[in-house]
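Structure, as structure tokens:
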Amino acid sequence: MDTPRHAIVIGAGIVGICCAIELRRRGLQVTVVDRLEPGQGCSFGNAGILAAQAVVPIGLPGLARQLPRMLFDGSNPLTLRAGSLPHSLPWLWRLQQASSIDRVMRIADAMKALYGSTLLRHQALAAEAGTPELVRATPGLYVHRRAAGIDLQHGLAWRLRQQRGAQVELLEGAALREAEPALSADYVRGVRMGPMGCCVNPLRLVQAYAALLQRMGGTLRRAEVNALQPGADGVQLHIGAEALQADAVVVAAGAWSGHLLRPLGLKLPLIAERGYHLTYGDSGIRLNHVVTDIEAHFAVTDMEMGLRVAGTEELGVADDAPDWRRAEALQRHAQRLFPTARLQQGSRWMGPRPGLPDSLPAIGAVPGQSCIFVATGHGHLGLTGAPHTGQLVAELVIGTRPSLSLDAYAPGRFAG
Ligand SMILES: Cc1cc2nc3c(=O)[nH]c(=O)nc-3n(C[C@H](O)[C@H](O)[C@H](O)COP(=O)(O)OP(=O)(O)OC[C@H]3O[C@@H](n4cnc5c(N)ncnc54)[C@H](O)[C@@H]3O)c2cc1C
């Protein structure tokens with residue numbers, strides 16, 4: 087392939103916009119096509135965590151024993167949408183396959199390599215975009231109601247993190263209360279972890295990065311891409327009756343990427359890991375950390391719009407109607423965590439995380455296609471991984487050797 091001159095990125099979420107910025111930085115003419123305005127997909131409402139210490143995949147040893155209870159207990163943080171079994175079962179089978187200790191160790195290394203530099207990367211990008219205030223170096227506080235619920239020495243998740251450089255500090259009693267004064271006294275043990283950070287307005291961050299792209303000379307186009315057709319001189323994108331031509335295309339269409347990739351022969355086991363948030367403009371409390379309730383699997387972030395409570399993992403289809411009972415459960419859990427907070431009036435939202443069963447994204451060329459690239463499947467960590475993914479994709483598109491081995495993220499790794 088000759089060095090491409092014009093690249094089209096499909097998807098103006100955080101991943102697509104970061105890919106576009108890095109392509110433009112390397113001198114390509116870049117167009118981002120999205121049916122919506124930037125940041126209106128899953129990137130709209132995440133918890134904002136820049137999870138530099140995220141090395142723990144969803145599937146851990148012992149998963150097979152826990153799955154039946156998880157799947158049939160609607161109050162569990164991981165649940166299946168009614169009717170989504172045929173879609174979800176093959177994904178769960180692959181999740182189980184990825185949960186052996188050997189696989190977990192390798193996945194943890196690949197997560198660290200991709201996500202470990204997130205804070206520095208976002209700090210640099212946000213400064214370049216003129217919005218440095220959106221990214222903060224904020225530690226995480228992971229809390230539990232039972233002391234036995236946190237075992238820094240023997241718990242696999244804690245060992246994985248510490249072995250890969252996480253700095254942890256155990257807090258109990260008065261020290262825990264001092265760290266986070268609004269925390270309920272029912273929570274007896276916590277771990278402060280860093281270095282990591284948070285974005286205090288994920289939508290505004292995507293918008294700021296999109297504006298930066300435009301200032302750099304990139305273009306945004308509002309349209310739905312129906313199909314991709316590779317040819318001798320690049321790729322045609324079908325947009326209704328119109329066709330756009332590009333030398334290279336990056337599919338960063340989040341949980342919706344599958345239908346563009348399947349006709350090209352790439353069957354990614356991509357599922358919508360649907361999550362919910364509630365945002366309270368007038369909670370009456372402020373936080374010093376991003377606080378995660380380990381037991382109920384949700385996080386609370388102090389954002390510029392107020393307190394955001396985000397979590398749950400509902401396997402299903404991206405565009406199915408939200409099940410607001412999941413958001414109501416989040417509200418009850420958050421009130422248990424912060425009893426004095428005013429959590430009655432909040433805005434609510436559901437977003438589909440683009441999830442692959444081994445908790446790693448797909449970054450690379452579509453097998454057999456030299457001009458079509460994939461950047462999706464970041465699941466719970468798309469905000470965290472977007473800047474590094476953008477750099478790696480841009481290196482691939484211009485044909486230079488990627489600065490990180492991409493084997494672990496190969497889009498074709500699920501074949502067979
Ligand atoms: C509740 C919740 C909390 C989260 N918390 C965190 C967190 O704290 N930290 C973190 O790192 N991550 C978090 N995430 C995950 C993160 O939000 C996602 O991984 C990330 O937003 C995915 O970005 P994306 O660009 O791949 O997808 P999206 O943001 O979904 O963007 C995809 C875009 O593609 C467009 N598109 C799709 N198909 C087409 C088409 N055919 N034609 C044109 N356009 C198309 C869509 O309109 C959309 O705008 C959270 C997610 C949820 C739901």
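All residue numbers in the sequence shown are consecutive under this note's numbering, ending with 502. Quick reminder that beta carbons are idealized off the backbone N, C-alpha and C, glycines included. Just so you know, these numbers come straight off a predicted model, no measurement behind them.
Could you compute how far the alpha carbon of residue i sits from the alpha carbon of residue j?
{"i": "His375", "j": "Asp388", "result": "8 angstroms"}
{"i": "Tyr362", "j": "Thr89", "result": "42 angstroms"}
{"i": "His240", "j": "Gln183", "result": "23 angstroms"}
{"i": "Val101", "j": "Thr204", "result": "13 angstroms"}
{"i": "Asp409", "j": "Asp379", "result": "21 angstroms"}
{"i": "Leu257", "j": "Leu227", "result": "9 angstroms"}
{"i": "Met302", "j": "Phe130", "result": "23 angstroms"}
{"i": "Leu149", "j": "Ser185", "result": "7 angstroms"}
{"i": "Ala138", "j": "Arg275", "result": "22 angstroms"}
{"i": "Ala261", "j": "Arg278", "result": "11 angstroms"}
{"i": "Ala385", "j": "Pro316", "result": "42 angstroms"}
{"i": "Ser456", "j": "Gly169", "result": "37 angstroms"}
{"i": "Ala413", "j": "Asp319", "result": "48 angstroms"}
{"i": "Glu219", "j": "Val286", "result": "8 angstroms"}
{"i": "Phe424", "j": "Arg308", "result": "41 angstroms"}
{"i": "Gly304", "j": "Leu114", "result": "9 angstroms"}
{"i": "Gly283", "j": "Val221", "result": "7 angstroms"}
{"i": "Met191", "j": "Asp237", "result": "19 angstroms"}
{"i": "Phe500", "j": "Val479", "result": "20 angstroms"}
{"i": "Gly340", "j": "Gly99", "result": "8 angstroms"}
{"i": "Arg250", "j": "Ala451", "result": "29 angstroms"}
{"i": "Leu364", "j": "Ala382", "result": "15 angstroms"}
{"i": "Ala234", "j": "Leu467", "result": "27 angstroms"}
Mind checking residue i: buried by the 16 CB within 10 Å criterion, or exposed?
{"i": "Gln477", "result": "buried"}
{"i": "Ser491", "result": "exposed"}
{"i": "Met436", "result": "buried"}
{"i": "Gly502", "result": "exposed"}
{"i": "Leu175", "result": "exposed"}
{"i": "Ser433", "result": "exposed"}
{"i": "Trp179", "result": "exposed"}
{"i": "His419", "result": "buried"}
{"i": "Gly132", "result": "Reading off the sequence shown, one finds Asn at residue 132, where the question assumed Gly. Buried, by the Cβ-count rule."}
{"i": "Arg348", "result": "exposed"}
{"i": "Leu171", "result": "exposed"}
{"i": "Thr462", "result": "buried"}
{"i": "His345", "result": "exposed"}
{"i": "Arg151", "result": "exposed"}
{"i": "Pro154", "result": "exposed"}
{"i": "Pro473", "result": "buried"}
{"i": "Leu267", "result": "Checking the sequence shown, residue 267 turns out to be Pro, not Leu. Exposed, because fewer than 16 other Cβ atoms sit within 10 Å of the Cβ of Pro267."}
Anyone know if the C-beta pair for residue i and residue j falls short of 8 angstroms?
{"i": "Leu323", "j": "Val335", "result": "yes"}
{"i": "Val119", "j": "Cys105", "result": "no"}
{"i": "Arg121", "j": "Asp406", "result": "no"}
{"i": "Pro497", "j": "Val460", "result": "yes"}
{"i": "Ser369", "j": "Ala415", "result": "no"}
{"i": "Leu299", "j": "Glu359", "result": "no"}
{"i": "Met197", "j": "Ala140", "result": "yes"}
{"i": "Tyr366", "j": "Ile107", "result": "no"}
{"i": "Ile193", "j": "Pro143", "result": "yes"}
{"i": "Gly97", "j": "Ala448", "result": "no"}
{"i": "Leu164", "j": "Met156", "result": "yes"}
{"i": "Leu136", "j": "Leu469", "result": "yes"}
{"i": "Gly259", "j": "Pro225", "result": "no"}
{"i": "Val483", "j": "Ala93", "result": "yes"}
{"i": "Leu314", "j": "Pro440", "result": "no"}
{"i": "Trp177", "j": "Pro443", "result": "yes"}
Can we count residue i as close to ligand 1, meaning its CB is less than 7 angstroms from some heavy atom?
{"i": "Asn132", "result": "yes"}
{"i": "Trp509", "result": "Here the chain has residues from 87 to 502 only, and residue 509 is not among them."}
{"i": "Val452", "result": "no"}
{"i": "Tyr495", "result": "no"}
{"i": "Gln249", "result": "no"}
{"i": "Glu310", "result": "yes"}
{"i": "Leu356", "result": "no"}
{"i": "Asp368", "result": "no"}
{"i": "Thr305", "result": "no"}
{"i": "Pro349", "result": "no"}
{"i": "Ala332", "result": "no"}
{"i": "Cys457", "result": "no"}
{"i": "His324", "result": "no"}
{"i": "Val101", "result": "yes"}
{"i": "Gly465", "result": "yes"}
{"i": "Ile484", "result": "no"}
{"i": "Val221", "result": "no"}
{"i": "Thr224", "result": "no"}
Can you check whether the C-beta of residue i is within less than 8 angstroms of a C-beta belonging to chain B?
{"i": "Ile103", "result": "Checking the listed chains, one finds no chain B in this structure; it contains a single protein chain."}
Cβ pair count under 8 angstroms reaching 3, the region 208-223 against the region 232-250: Counting Cβ pairs under 8 angstroms, fewer than three are found: no touch.
The region 384-400 contacting the region 326-334, beta-carbon criterion three pairs below 8 angstroms: With a cut-off of 8 angstroms, the region 326-334 and the region 384-400 do not count as touching, because too few Cβ pairs lie within range.
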